[in-house]
Amino acid sequence: MDVPPNGETTPLTPEDKLAHYWRRNLLTRHWRLALLGFCISAAAAATGLNLGLVALWERQVQTLFFELRGPVSPPDDVVILAIDEESLAQGQHYLNDPQRYPQLQSIQAWPWQRQAYATAIEKLLRAGARAVALDVVFSAPSTYGEADDAALTQTLQTYGDRVVLAAEYGNIDIRQGELIQPLLPLLRFRETPVQIGAINFLVEPDGRIHRLSEAFLSALHQSEQRLTGAAPGPEIDSGPSSDRSILSFAQATLSAAKIEPPPDVGESIYFYGPGGTFTQIPFWYVLDPDPWQNQLDSGAFFKDKTVLIGTTATIHQDFHSAPFSQTLLYPQSMAGVEILANTVATAAAGRAIRPLIRLPWLNGIAVLLLGIGVIGLMQLSHKPWQRFSWAMASLVCWGLVGYGALVGGQVILMTATPMMGIVSMALVDLGSGFVAGQSRRKRFRSTLARYVTSPIVQEIISQQDDFQDLLVLRQADIIGTLLCDRYRILQVLGAGGFSETYLASDTQRPGAPTCVVKQLKIVSNNPQSHQMAQRLFRAEADTLERLGEHEQIPRLLAYFEVNYSFYLVQERVEGVLLRELLGQQSAMSQRAVTEMLIDLLPVIGFVHQQGVIHRDIKPSNIIRRTADGRFVLIDFGAVKQISNQLADTSARVTSTIGIGTQGYMPSEQSAGLPNFSSDLYALGITAIEALTGLPPHAIQRSSTGEIIWTYKVVGLSIELAAVINRMVRYDFNQRYRSTQEALTNLEQLNLATLPHNQAVFLGLTDPAAPDGASETSENLAPTEILPESWPEQYRSSHQSQS
Numbered sequence: 001m002d003v004p005p006n007g008e009t010t011p012l013t014p015e016d017k018l019a020h021y022w023r024r025n026l027l028t029r030h031w032r033l034a035l036l037g038f039c040i041s042a043a044a045a046a047t048g049l050n051l052g053l054v055a056l057w058e059r060q061v062q063t064l065f066f067e068l069r070g071p072v073s074p075p076d077d078v079v080i081l082a083i084d085e086e087s088l089a090q091g092q093h094y095l096n097d098p099q100r101y102p103q104l105q106s107i108q109a110w111p112w113q114r115q116a117y118a119t120a121i122e123k124l125l126r127a128g129a130r131a132v133a134l135d136v137v138f139s140a141p142s143t144y145g146e147a148d149d150a151a152l153t154q155t156l157q158t159y160g161d162r163v164v165l166a167a168e169y170g171n172i173d174i175r176q177g178e179l180i181q182p183l184l185p186l187l188r189f190r191e192t193p194v195q196i197g198a199i200n201f202l203v204e205p206d207g208r209i210h211r212l213s214e215a216f217l218s219a220l221h222q223s224e225q226r227l228t229g230a231a232p233g234p235e236i237d238s239g240p241s242s243d244r245s246i247l248s249f250a251q252a253t254l255s256a257a258k259i260e261p262p263p264d265v266g267e268s269i270y271f272y273g274p275g276g277t278f279t280q281i282p283f284w285y286v287l288d289p290d291p292w293q294n295q296l297d298s299g300a301f302f303k304d305k306t307v308l309i310g311t312t313a314t315i316h317q318d319f320h321s322a323p324f325s326q327t328l329l330y331p332q333s334m335a336g337v338e339i340l341a342n343t344v345a346t347a348a349a350g351r352a353i354r355p356l357i358r359l360p361w362l363n364g365i366a367v368l369l370l371g372i373g374v375i376g377l378m379q380l381s382h383k384p385w386q387r388f389s390w391a392m393a394s395l396v397c398w399g400l401v402g403y404g405a406l407v408g409g410q411v412i413l414m415t416a417t418p419m420m421g422i423v424s425m426a427l428v429d430l431g432s433g434f435v436a437g438q439s440r441r442k443r444f445r446s447t448l449a450r451y452v453t454s455p456i457v458q459e460i461i462s463q464q465d466d467f468q469d470l471l472v473l474r475q476a477d478i479i480g481t482l483l484c485d486r487y488r489i490l491q492v493l494g495a496g497g498f499s500e501t502y503l504a505s506d507t508q509r510p511g512a513p514t515c516v517v518k519q520l521k522i523v524s525n526n527p528q529s530h531q532m533a534q535r536l537f538r539a540e541a542d543t544l545e546r547l548g549e550h551e552q553i554p555r556l557l558a559y560f561e562v563n564y565s566f567y568l569v570q571e572r573v574e575g576v577l578l579r580e581l582l583g584q585q586s587a588m589s590q591r592a593v594t595e596m597l598i599d600l601l602p603v604i605g606f607v608h609q610q611g612v613i614h615r616d617i618k619p620s621n622i623i624r625r626t627a628d629g630r631f632v633l634i635d636f637g638a639v640k641q642i643s644n645q646l647a648d649t650s651a652r653v654t655s656t657i658g659i660g661t662q663g664y665m666p667s668e669q670s671a672g673l674p675n676f677s678s679d680l681y682a683l684g685i686t687a688i689e690a691l692t693g694l695p696p697h698a699i700q701r702s703s704t705g706e707i708i709w710t711y712k713v714v715g716l717s718i719e720l721a722a723v724i725n726r727m728v729r730y731d732f733n734q735r736y737r738s739t740q741e742a743l744t745n746l747e748q749l750n751l752a753t754l755p756h757n758q759a760v761f762l763g764l765t766d767p768a769a770p771d772g773a774s775e776t777s778e779n780l781a782p783t784e785i786l787p788e789s790w791p792e793q794y795r796s797s798h799q800s801q802s
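Start counting the sequence shown at 1; every next residue gets the next number (full-length UniProt numbering).
Following this line, the structure appears as structure tokens:
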């Protein structure tokens, strides 16, 4: 960018403005949204690609949902005849006393004789059971001889249409296409009307069983088709020896029980609970006449029930990971026959769980849209913690929706992956907000460091523990600095705007007496601004030189310029600020306030005689000098020279910026149009504060803007109240026209009659307050009401500034 010789900056072209606007918005407004979009897009892409990690998360959440739901009552018509430790132990009873327990002869040792299964099948079906399904694979001849197999064959010939035998596939990796024949029951068994059911399940990425056995058979069939090149089509029953005729164990059981399952397109098991949820009967109860008659009511217990026979004994190690099994909440393992019972109950009730959306790419789009909605919700707030709360609320809501869909509707929604996307967005947003906050805090710290001596900045620092060191660092940088090879800085007294005030020692005078040095900093690099500042600085120095002739105004000792900064050196006044005095004793007596006014009015009158308005009279700019107890007026940083042509103080004055302290300056000064009576108003407010102990923002005002304060002071002198009330009239035309006029009225008071001790009403409101009184706010705004008697040009000037 070229800079012309006159020092003015070349305006930006539209292209420059557009580029700057784009960079600024891209870096400061949209980078956080870009991060959030990346997080949810990654989650959507992983869902659309059907990555194994997505399946892992979803299955883990489904397990958690089942376990949070807890066990539910299973159907009464599905029971388990368990080959448990109790049944295995009955063989010892037979060995100890064969004459007493002849019925237990077939289960005297493991593996049991097949005669035991034949007896159980016959008794159960005669008792009215719908079907009997055996989770036992009879793939090899009985070790007890031909007669044992013949006994089971005979039973299957009679009752085979209501019996299911298990078939099991070996541990194969169907993804690699390995094809092996399943372990089927003996051919002689398959030649009976018996049903054959596969007991294999797919193990999901989380290492657990979730889907029905049909999913395993379907995956196996698809793998075979890919390897053989056969066209997909319906499975063909090629005879009893073919595995193509094998159904899932649940399908075969329902077929044997003559139960027509309701139409269901689901593929996942509806788990009713952990191990032991379904009713379990020890196997030996069916063989022994005593429990058969007494415990099972001679078999009536099994009427119209589907009975599954399988092992639950620990020694057989037929346990599998599933929901409610081998988890943190349910560490107990679930036996294979119990998983089969869940599948049979799921198929019979039509409660198989199905995904709402089957196509992965559609799920990906759904996740993306959900994430965009959450991002929009987060944008409702500009605070990182509130955005984090919105994200967490969305997370909980979507989790509840997914939970309700699975548990109540038997529908699987993509839950885990969107939740992971939301969590990542929340953490990224919180982290980016933290980083941005730290960056802003760093810039804020840098700004505070520049103005660390300002009272307002010091108030901010006092409330922030991690900024406390700025005061020490600033003091260390300034203390000891030698200005103009003469004035050594001893202490930083304060700062405001573009100035700082120091306590320094004059090293070129005997005894190095202390003085006050005020620095005025010019932040502009424009030479014209610097030249204007030089003129204003010299004018202020001339003013302070003339004002310093009064004994109650600090004398100007010197002024100079160093490194584009201007310095004023003034006499140091030893004493106590009126602000500190009020802080110590809350309120002053009427006599003390009157003496203060009599002491300060001549000082202000002298200032006005020099054509100057102080414009910032307040307790912190008044010092009671230790040497003689006189009050000294300080801090003329806001003084401006008034044109000698303004002979009449009520005439038009030059409009300037409203310099002063809120609460102490009147309405005309707030409007940038101060006059000499404005200083009288500020002194009157200071007197009221001294009498009542109340700061200006706590003093009540009437609807017309007048100060209401006299009821706060007990035994207040009517004459003193009249003088102060005239000093603080809202309309400056009704105030004293000069300090001498106010001083004359005060000198007429008999100080001896004024009380030494002060008594004020406590609190900001009082029952004695006049009607129409209103309390002012701590957040004072410039008064917009101007007196009716003001010339029209003043009003138009004020309105244009507003």
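Cβ atoms here follow ideal geometry from the backbone N, Cα and C, with glycine treated the same way. Every value quoted in this text rests on a predicted model; they were computed, and no experiment measured them.
- Out of curiosity, what's the CA-to-CA distance linking residue 805 and residue 727? Past the edges of the chain, shown from 1 to 802, lies residue 805, and the structure says nothing about it.
- Message: According to DSSP, is residue 734 part of a helix, a strand, or is it coil?
- Response: helix
- Message: If I measure Cβ to Cβ from residue 155 and keep anything under 6 Å in the same chain, skipping five residues before and after, which residues do I get?
- Response: Taken in chain order, the residues that qualify are 118, 121 and 122.
- Message: According to DSSP, is residue 613 part of a helix, a strand, or is it coil?
- Response: strand
- Message: Does residue 208 pass the burial test, meaning 16 or more other C-beta atoms within 10 Å, or should it be called exposed?
- Response: buried
- Query: What first and last residue would you give for the alpha helix (DSSP H) that runs through residue 746?
  - Reply: 739-747
- In whole angstroms, what separates the C-alpha of residue 332 from that of residue 380? 47 Å
- Around the C-beta of residue 621, are 16 or more other C-beta atoms found within 10 angstroms, so that it is buried, or is it exposed? buried
- DSSP beta-bridge partners of residue 635: The partner list for residue 635 (beta bridge, DSSP) is empty, contrary to what the question assumes.
- Report buried or exposed for residue 94, applying the criterion of at least 16 other Cβ atoms within 10 angstroms of its Cβ. buried
- Task: Throw me the rounded Cβ distance for the residue 67 and residue 330 pair, which I believe falls under 8 Å.
- Result: 6 Å
- Message: residue 354 and residue 809 - do their beta-carbons sit closer together than 8 Å?
- Response: There is no way to answer for residue 809, as the model of the chain reaches only from 1 to 802.
- Item | For residue 749 and residue 636, the rounded distance between their alpha carbons | 31 Å
- Task: Output the boundary residues of the alpha helix (DSSP H) element that contains residue 286.
- Result: 284-287
- Kindly confirm or deny that the segment 387-405 and the segment 330-350 touch, where touching means at least three C-beta pairs closer than 8 Å. no
- Taking the CB atoms as reference points, tell me whether residue 539 and residue 566 lie closer together than 8 Å. No.
- For the 8 Å Cβ check, are there 3 or more pairs between the segment 159-168 and the segment 203-219? no
- Item | Selection from 487, 554, 43 and 342 that minimises the alpha carbon distance to residue 838 | Nothing can be reported for residue 838, as the shown portion of the chain is limited to 1 through 802.
- Task: Could you tell me the distance, in whole angstroms, from the CA atom of residue 648 to the CA atom of residue 560?
- Result: Since pLDDT at residue 648 reaches only 38, below the 50 mark, its modelled position is unreliable, and the value read off the structure follows with that caveat. Approximately 35 Å, taken between the alpha carbons.
- Please determine if the segment 544-559 and the segment 589-598 are in contact, where contact requires at least 3 C-beta pairs separated by less than 8 Å. no
- Please check the pair residue 80 and residue 280, which I expect to be a contact at CB under 8 Å, by giving their CB distance rounded to whole angstroms. 5 Å
- Task: Excluding the 5 residues preceding and the 5 following residue 51 in the sequence, name in chain order all residues of the same chain whose CB lies nearer than 6 Å to its CB.
- Result: none
- Query: Would you report the Cα separation of residue 146 and residue 104, rounded to the nearest angstrom?
  - Reply: 20 Å
- Distance between residue 577 and residue 679 (C-alpha atoms, nearest Å): 18 Å
- Item | Three-state class that DSSP yields for residue 381 in the structure shown | coil
- Message: Can you find the residues in the same chain that come closer than 7 Å, C-beta to C-beta, to residue 756, ignoring five residues on each side of it along the sequence?
- Response: 589 and 591
- Message: Restricting to Cα atoms, I'd like to know which of 41, 625 and 630 is closest to residue 803.
- Response: Residue numbering for the chain in the displayed model covers 1 to 802; residue 803 lies beyond these limits and cannot be assessed.
- Three CB pairs or more closer than 8 Å across the segment 47-62 and the segment 100-114: no
- Does DSSP classify residue 279 as helix, strand or coil? coil
- Task: Could you pull the start and end residues of the beta strand (DSSP E) that residue 518 belongs to?
- Result: 514-521
- Item | Of the listed residues 30, 386, 433 and 568, nearest to residue 519 (C-alpha basis) | 568
- Message: Suppose only complete runs of 3+ residues qualify. What are the beta strand (DSSP E) ranges in the segment 301-339, listed by chain order?
- Response: 306-311
- Message: Does the structure place the segment 354-367 close enough to the segment 297-316 that three or more beta carbon pairs sit under 8 Å?
- Response: no
- So what's residue 694 in DSSP terms, helix, strand or just coil? coil
- Output the distance between the C-alpha atoms of residue 427 and residue 323, rounded to the nearest integer angstrom. A straight line joining the alpha-carbon of residue 427 with that of residue 323 spans about 30 Å.
- According to DSSP, which residues form a beta bridge with residue 197? Note: residue 197 sits in a beta bridge opposite 166 and 247.
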